[in-house]
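*Asks:*
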Amino acid sequence: MTEATMPDPNSMKGVIPYLVLGGRAGEACDFYARAFGASEMGRMPFPDGTPGLMHAQVGINDGCLMMTDYNAEGGSPAANFGHLQLVVGDGRMWWDRAVAAGCTVLAPYERQPWGDDWGLLADPFGFKWAVLEPGVPG
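In structure tokens, the structure reads:
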């Protein structure tokens, strides 16, 4: 996103996670492209030349994720953040790509007692991601 362009408002529905990344927002955009197939929606530098990004946005799985380096005073996200959930039709492909890109497995991707395939990962920025493929009703 340059100062002159804005993302399609239709991509900004529902609840949009907005992550503070302590000077690593650009790196996160690149990583999420490799791990989760994110498409670049734009990066906006600080207008005063401060290092980092005032705002960055990527599209993942028909949704969007926003990030900033603004007012980020070090450290990783709080442990109680929860996780970002991806509900997809090909969970194994999403899982394998994320692991190959460098995500750490927290809970293996496997069939769960409730009938879905699900697993939990951590990215290099301290955020947790769940991959869920709904089970076939039977």
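Take 1 as the starting number for the sequence shown in the numbering used here and just add one per residue. C-beta: ideal position from N, C-alpha, C; glycine also. As the structure is a prediction and not an experimental result, all values here were calculated from the model.
#1: Between M1 and P113, what straight-line distance do the alpha-carbon atoms span, to the nearest angstrom?
#2: For Q57 and D90, what's the separation of their Cα atoms in angstroms?
#3: Quick one: what does DSSP say G91 is sitting in, helix, strand or coil?
#4: Anyone know if the C-beta pair for G14 and G63 falls short of 8 Å?
#5: Since G22 and D69 are thought to touch, with beta carbons under 8 Å apart, how far apart are those beta carbons, to the nearest angstrom?
#6: Would you mind reading off the limits of the alpha helix (DSSP H) that contains R34?
#7: Classify E133: buried if its beta carbon has 16 or more other beta carbons within 10 angstroms, exposed otherwise.
#8: Evaluate Y18 with the Cβ neighbour count: other Cβ atoms within 10 Å of its Cβ, from every protein chain shown; 16 or more gives buried, anything less gives exposed.
#9: V147 by DSSP, collapsed to three states: which one?
#10: Measure the alpha-carbon distance for D117 versus P108 and round it to whole angstroms.
#11: What is the DSSP secondary structure of T2, counted as helix, strand or coil?
#12: Looking at M41: is its Cβ nearer than 8 Å to the Cβ of H55?
#13: For D96, name the three-state secondary structure that DSSP assigns.
*Replies:* Taking the geometry as given:
#1: Per-residue confidence for M1 stands at a pLDDT of 43, beneath the threshold of 50, marking its modelled position as unreliable; the derived number appears in the next sentence. So the two alpha carbons sit approximately 42 Å from each other.
#2: 24 Å
#3: Three-state DSSP puts G91 in a helix.
#4: yes
#5: 7 Å
#6: A25 to F36
#7: By the 10 Å Cβ count, E133 comes out buried.
#8: Flag for Y18 reads exposed.
#9: The first residue shown for the chain is 1 and the last is 138, placing residue 147 beyond what the model contains.
#10: 10 Å
#11: Because the pLDDT of T2 is 41, which lies under 50, any placement of that residue in the model is unreliable, and the number read from its coordinates should be weighed accordingly. Three-state result, T2: coil.
#12: no
#13: helix
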